[in-house]
Each structure stands twice: as C-alpha cells, then as structure tokens.
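Plus 4 on top of the position in the sequence shown (first one is 1) and you've got the working numbering. Just so it is clear, CB atoms sit at the ideal spot from N, CA and C, and this is done for glycine as well. First up is the structure itself, then whatever we jot down about it.
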Amino acid sequence: MRRWLVIAAVVFQIAALGWMAGKREWILAKGRTIYLRTAPIDPRDPMRGDFVRLRYPFNTVSERQMRGSVKDHLQERDYPVFAVLKPADNGLYVFDYLTDQLPTEGIFLKGRIDFPRWGRARNVVNVRYGIEQFFVQQGQGRKIESRRGFRGKLQVPMEVQVAVGSGGTAVLRDFRWSPLGVQLEMLRVNRRGWRNGRPAPRAPELPLSPKIKVTLKNVSDAPLALADPGDHCAFHLLPTVEARWRYEPLYQGCRDAPLTEHAVIVLAPRQSYAVELDLSLPRWHQRIEKEDGSKVMGEIGIDNNRDRFRMVYRAPDPKLVRHLTVAAPFWHGSLATQAFNARGYID
Numbered sequence: 005m006r007r008w009l010v011i012a013a014v015v016f017q018i019a020a021l022g023w024m025a026g027k028r029e030w031i032l033a034k035g036r037t038i039y040l041r042t043a044p045i046d047p048r049d050p051m052r053g054d055f056v057r058l059r060y061p062f063n064t065v066s067e068r069q070m071r072g073s074v075k076d077h078l079q080e081r082d083y084p085v086f087a088v089l090k091p092a093d094n095g096l097y098v099f100d101y102l103t104d105q106l107p108t109e110g111i112f113l114k115g116r117i118d119f120p121r122w123g124r125a126r127n128v129v130n131v132r133y134g135i136e137q138f139f140v141q142q143g144q145g146r147k148i149e150s151r152r153g154f155r156g157k158l159q160v161p162m163e164v165q166v167a168v169g170s171g172g173t174a175v176l177r178d179f180r181w182s183p184l185g186v187q188l189e190m191l192r193v194n195r196r197g198w199r200n201g202r203p204a205p206r207a208p209e210l211p212l213s214p215k216i217k218v219t220l221k222n223v224s225d226a227p228l229a230l231a232d233p234g235d236h237c238a239f240h241l242l243p244t245v246e247a248r249w250r251y252e253p254l255y256q257g258c259r260d261a262p263l264t265e266h267a268v269i270v271l272a273p274r275q276s277y278a279v280e281l282d283l284s285l286p287r288w289h290q291r292i293e294k295e296d297g298s299k300v301m302g303e304i305g306i307d308n309n310r311d312r313f314r315m316v317y318r319a320p321d322p323k324l325v326r327h328l329t330v331a332a333p334f335w336h337g338s339l340a341t342q343a344f345n346a347r348g349y350i351d
C-alpha cells in the first residue's frame, strides 16, 4: 500500500508539472503581449545558468495605490491580488492600482503578497508576480547588467515582453532596451556626520537639500526629440512609495509654461541632454505633511528627512506637440532616476 501511495504522489507531481508547463506554453502562444519597464540585477544560479533578476515599480505598492480590501491583508503572505495596468506608449503598460477583486476587463497581472517590509513604512507591501527572474544564455547575464548600468552611471531601462493570460498569469517572452538612458549625479550634498558617538549637525553654510545633475542620453541608432519647457518643467520630483511623509509641490509656474520649438531638444544617436537642479530652491519646495499630521513648507531636506525621491522626466502629451516642426520623432513616456534622499545617498 505504501509503495502505491509513493507512486501516486510521484505521478501527481509529474502531472502537476506537466499542467503548469502546458499552461505556460498556451499563454505564450495565445496570451496578450505587452511590455513592462524594469531594472535588472544579475545574480547567478549555478544549477540553471545565468538569469537576470527583475524588479517592477508595482513590486512595492503603497496603501494609496490599493483598492478593495487589500490593506486588510498586508501581513498575509501569498494572499492573492491583481495589479491593474493601463497602456502608455510604444506597447508599454504602467501600473494603475492593486486590488484583491478579479478585474472584469483590461490588462492585469495576478500576484501574491510577499513578506511585509519590516523597518519600512507600515502601509507598504511587497508583491510578487512570477516574472521576477528571466533566464538567459550562459554569459549573457553580465552583458545585460553592463548594458543596464550601475549606481551613479548611465542606466538604460530594460523593457520585458510579457504574455498575459485571461486570468492574469504572466509569462516572460523577450526583452528590448529603452532608446533613452538616464544618469543621476550628486553635485552638492549636506550630510550629517557623527561626532563622539552622536549625530553631528549639518554644515550650516550649505543648503539642506542636494544639488543634482540629471543626464538623458539617446542610446538608440536614430535621432529623437525631447521637450523641457519653462523652468525645467519636464522634470518632476516624486517621493518613492515607501515615503513616510506626504508631499505636494508648491511651485505653480509650470502650469502655463509654453511648449514651443525653443523647448525642444533633438538628440542625435549617443548625444545627451543634461540639467543641473538645485533642490534647495523654491522651484522644488514642497508642502509636507508628517506622520503626526503636522504640516510644513520648504525643502525636502528639512528635519533630517530620510524619505527617498526620484527625479522623473515626463515627455509632453503627443497632442501638445503636433503643431511643432521637429526634425526627429518625440520620445514619449516617462523616465525616472535612481532613488535618492536629501542627504545625497543614491540607491
């Protein structure tokens, strides 16, 4: 009897693996094809060769991005959820919201809640979707990592091609590279050091917030156009989803910034556009609501703020550039730098 139980268990496991493989192949053949932007890390699995570890913006989700009753299950590992996506440009899809109710339409990915984020904001959760590892040929992992770039260097986003089944199951199919890369550099920081075992005050002669340099580079083989009207109104300072405080920009000058040919930058292949942004200036000041409900206005570096931010370039709406005569097609979409904090530390 025991022998037959063992045989039955083995047969069941083989059948389950076969069903999973068949489902995967069916999704690859019949599923909806989309692209997702991600940044890879290159670890190695000695048993299976090279693979690229992938992370998506919706792997970490804040309570403000949740619907349904997701926030009541943040401590339940493997609780099923769905990341609802919305179309962007050039086949890309971006995250809209997270729900535990099966969507009845549109594109969505089925995921499960992962470990809670200990030591981080309590209203944030990690989610996995089964597309966080992409196996490649032996030796290709390092090449991909080199192309993606490193901290403080030019980084080129990897855009993975995903087949999505009707129930939200996703399977990785292929990848491509964004035609636009981004680099973040710190030009000035005011870090708090340590003295006699205690935090030392920051340098009083320096502003509390850093001065940064953001470089956008055309890494494709064809020219492309960017637009940066007004006081660098194409750039937006955004907190990461783990931020403890809430932020609202105070500067309103970009609402009426005209979009003319003078704001257009045409980049030839391998050409770059760089801007220096002093985050201590009023252009970047915020209305800040702290965890205790108190509100202040000013730089992001006030009160030893430890929240992290990204500087995001947003291309103009295609409808707003139709009247412009430009010698190259506009790049559409958004591109974020690595995360950094007011002390100048970069992820």
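Taking its Cβ as the centre, do 16 or more other Cβ atoms sit within 10 Å of residue i, making it buried, or is it exposed?
i: residue 284; result: buried
i: residue 301; result: exposed
i: residue 411; result: Residue 411 lies beyond the stretch modelled for the chain, which goes from 5 to 351, so this question has no answer here.
i: residue 191; result: exposed
i: residue 64; result: buried
i: residue 152; result: buried
i: residue 297; result: exposed
i: residue 266; result: exposed
Return the bridge partner residues of residue i from the DSSP annotation.
i: residue 29; result: The partner list for residue 29 (beta bridge, DSSP) is empty, contrary to what the question assumes.
i: residue 240; result: 316
i: residue 85; result: 115
i: residue 216; result: 190, 281
i: residue 235; result: In DSSP, residue 235 forms no bridge with anything.
i: residue 128; result: 66
i: residue 340; result: 316
i: residue 222; result: 184
i: residue 260; result: According to DSSP, which records beta bridges pairwise, residue 260 is partnered with nothing at all.
Quick one: grab the DSSP three-state call for residue i.
i: residue 296; result: coil
i: residue 282; result: strand
i: residue 69; result: helix
i: residue 254; result: coil
i: residue 333; result: coil
i: residue 167; result: strand
i: residue 157; result: coil
i: residue 305; result: coil
i: residue 61; result: helix
i: residue 182; result: coil
i: residue 230; result: strand
Output needed for residue i: all residues of its chain with C-beta closer than 6 Å, excluding positions within five of it in sequence on either side, in chain order.
i: residue 83; result: 77, 117
i: residue 281; result: 216
For residue i, collect the residues of the same chain with a Cβ closer than 8 Å to its Cβ; drop the 5 residues on either side in sequence, then sort them by chain order.
i: residue 163; result: 39, 40, 41, 42, 96, 179, 180, 181, 182
Can you name, in chain order, every residue of its own chain whose Cβ lies under 7 Å from the Cβ of residue i, other than the five neighbours on each side?
i: residue 234; result: 257, 258, 261
i: residue 311; result: 243, 247, 248, 249, 345
i: residue 92; result: 98, 337
Is there contact here, the region 163-173 with the region 323-332, by at least three beta-carbon pairs under 8 Å?
The region 163-173 is not in contact with the region 323-332.
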